[in-house]
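Going down the list, the sequences are from chains A and B. With the UniProt record's numbering, the residue at position 97 of the first sequence is 97, and numbering never jumps. With the UniProt record's numbering, the residue at position 40 of the second sequence is 40, and numbering never jumps. Note that the Cβ used here is the ideal one computed from N, Cα and C, for glycine as well. So the structure is just underneath, and the comments pick up after that.
There are 2 protein chains.
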Amino acid sequence: MDKTHALTAFGALSQPTRLDVLRLLIRAGDTGMAAGEIATALGARQNTMSANLGVLMQAGLIRNARQGRSIRYFADLEGLRGLLAFLMEDCCGGNPAACQPLLDTITCPS
Amino acid sequence: MDKTHALTAFGALSQPTRLDVLRLLIRAGDTGMAAGEIATALGARQNTMSANLGVLMQAGLIRNARQGRSIRYFADLEGLRGLLAFLMEDCCGGNPAACQPLLDTITCPS
DNA sequence: TCCATATATCATGAAGTATTGATATATGGC
DNA sequence: GCCATATATCAATACTTCATGATATATGGA
Numbered sequence: 001m002d003k004t005h006a007l008t009a010f011g012a013l014s015q016p017t018r019l020d021v022l023r024l025l026i027r028a029g030d031t032g033m034a035a036g037e038i039a040t041a042l043g044a045r046q047n048t049m050s051a052n053l054g055v056l057m058q059a060g061l062i063r064n065a066r067q068g069r070s071i072r073y074f075a076d077l078e079g080l081r082g083l084l085a086f087l088m089e090d091c092c093g094g095n096p097a098a099c100q101p102l103l104d105t106i107t108c109p110s
Numbered sequence: 001m002d003k004t005h006a007l008t009a010f011g012a013l014s015q016p017t018r019l020d021v022l023r024l025l026i027r028a029g030d031t032g033m034a035a036g037e038i039a040t041a042l043g044a045r046q047n048t049m050s051a052n053l054g055v056l057m058q059a060g061l062i063r064n065a066r067q068g069r070s071i072r073y074f075a076d077l078e079g080l081r082g083l084l085a086f087l088m089e090d091c092c093g094g095n096p097a098a099c100q101p102l103l104d105t106i107t108c109p110s
């Protein structure tokens, strides 16, 4: 994850529909969702959603796989990890003491 | 941190100069940097930088404090934490098992 | 009060981005 | 091969964002 890639990813996440898509796909987990399902679930038109899925793909935040006539999309948690690590790297590299409490509060509630 | 706030923050981070500013201020730590210093360090013009600092302020990613004639800016780690927690919340809520390895890799290298 | 320094705001033009209707491509079933 | 379904691409318009020159505001010192 270099700076250019991070910028692309942040840009992808700075649009309401796309942020919704990523959250939806994270919840969908390994099952993923077909492009059409996603569009229906979020009340977006087919071609608009296709364009937005393309942006998220480009950003490395989602993946896809054809399944019959549909194309299923999945959250790319590895891509998300890379983005967060990019921010954390800056934080920890420059100021570990101030950074640690920040990380401590980000934990799975389970 | 609601969705609207997260969108503003992601938008703020999707611009090269602003991403550089945040990284710079994170490294500067509690000392912070004056607006003019930041502009000089990143090779940006005064008013352009002022506008970009305003965007980061609006997004809750940096803070400022007047010090004499200068205004010093600081990274707002609490704001950054809120943004990351917003993403993590989605992740952990929907898929704790897949999410944990992601969190495990984000640790301070120190 | 006057001047110099430091930063913010305003108005404008240029560039990028989103959405849309229309159309194209790809897959599966008959 | 033909049709229906599913998704992607294209071209155009509207919208937003960015950087800039010019100007305004605020602070400190003489």
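Asked, Found
"Let me know the secondary structure DSSP gives Q15(B) once reduced to three states.", "coil"
"Is it the case that the Cβ atoms of D20(B) and L42(B) are separated by a distance below 8 Å?", "yes"
"Report buried or exposed for A6(B), applying the criterion of at least 16 other Cβ atoms within 10 angstroms of its Cβ.", "buried"
"Put T4(B) into one of helix, strand or coil per three-state DSSP.", "helix"
"Could you check whether the Cβ of G36(A) sits closer than 7 Å to any heavy atom belonging to the ligand SAH?", "Among the ligands in the structure shown, none appear at all, so the ligand SAH cannot be discussed."
"Using a beta-carbon distance cut-off of less than 9 Å, what residues from the segment 51-66 of chain B approach chain A?", "none"
"For G82(A), which residues from the same chain have a beta carbon less than 6 Å from its beta carbon, with the 5 sequence-adjacent residues on both sides left out?", "M1"
"With a threshold of 8 Å between beta carbons, is residue 141(A) in contact with chain B?", "Since the first residue shown for chain A is 1 and the last is 110, residue 141(A) is missing from the structure and cannot be characterised."
"Are any of the Cβ atoms in chain B nearer than 8 Å to that of S14(A)?", "yes"
"In the DSSP assignment, the beta strand (DSSP E) including A59(B) goes from what residue to what residue?", "Premise fails: A59(B) is in no beta strand (DSSP E) and is neither H nor E."
"According to DSSP, is R81(B) part of a helix, a strand, or is it coil?", "helix"
"Report the three-state DSSP secondary structure of A44(A) (helix, strand or coil).", "coil"
"Give the secondary structure of R66(A) by DSSP, where H, G and I count as helix, E and B as strand, and everything else as coil.", "strand"
"If we define contact as Cβ-Cβ less than 8 Å, is S110(A) a contact residue for chain B?", "Low local confidence applies: a pLDDT of 43 at S110(A) is under 50, so the model's placement there is unreliable, and no value is given."
"Could you name the residues of the same chain whose beta carbon sits closer than 6 Å to that of A39(B), not counting the 5 residues immediately before and after it, in chain order?", "Q46, M49"
"Can you tell which of R63(B), K3(B), Q67(B) has the C-alpha that lies nearest to the C-alpha of G79(B)?", "R63(B)"
"Verify the CB distance criterion: does I26(B) have a CB-CB separation below 8 Å to chain A?", "yes"
"Would you report the Cα separation of A51(B) and A65(B), rounded to the nearest angstrom?", "16 Å"
"Of all the options E37(A), G36(A), L61(A), A75(A), which has the alpha carbon lying nearest to the alpha carbon of D30(A)?", "A75(A)"
"Please name the residue in A44(B), L77(B), S70(B), Q67(B) whose C-alpha comes closest to that of L22(B).", "L77(B)"
"Select from A97(A), T17(A), C92(A), T4(A) the residue whose C-alpha is nearest the C-alpha of G54(A).", "T17(A)"
"Can you pull the chain A residues whose beta carbon is under 7 Å from the beta carbon of G11(B), in chain order?", "S14"
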